[in-house]
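Numbering (the working numbering), first residue to last: 298 to 436.
Contents: one structure, followed by commentary.
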């Protein structure tokens, strides 16, 4: 009936996520989007293995939403130039692959998107503002 009744930790997780979002800098917000998309894709894979079609559809829709309305929408073509354009095209490709995965129950397509997201996520972690401060040579 109520999510919190079925899973007592759900309310805590929601508060924790809300706090993370409210206190996050722009770089951290993008990391949270990557983490959310990855979690949704892993949930979709589990649902595919379990044969739970509605849950698979919900999880894939969530991942597509995060990729399209989160990651892709956050790109700044003016500042990012060619890199932003290439990332936008890659995010469009990922969304198309996930639509295909949903229609054809294609786990390989989900794995492909997970791998692509993982590479971009790793690269994004490497350019963390704190890391740049620590790696900068002394003045």
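All C-beta atoms, glycine included, are put in the ideal place defined by N, C-alpha and C.
Given a threshold of 16 other Cβ atoms within 10 Å of its Cβ, counted over all protein chains shown, does residue 369 qualify as buried or as exposed? buried
Does the region 351 to 368 come close enough to the region 332 to 342 that 3 or more CB-CB pairs lie under 8 angstroms? yes
Take residue 385 and list the residues in its own chain whose beta-carbon comes closer than 6 angstroms to its own, dropping the five residues that flank it on each side. 369, 372
Would you identify the three-state DSSP class for residue 456, choosing helix, strand or coil? For residue 456 there is no data in the structure shown, the boundaries of the chain being 298 and 436.
If I follow the unbroken alpha helix (DSSP H) through residue 406, where does it start and stop? 404 to 423
When you compare the CB positions of residue 359 and residue 337, do they come within less than 9 angstroms of one another, or not? yes
What is the DSSP secondary structure of residue 356, reduced to helix, strand or coil? helix
Taking the C-alpha atoms as reference points, what is the distance between residue 399 and residue 325? 29 angstroms
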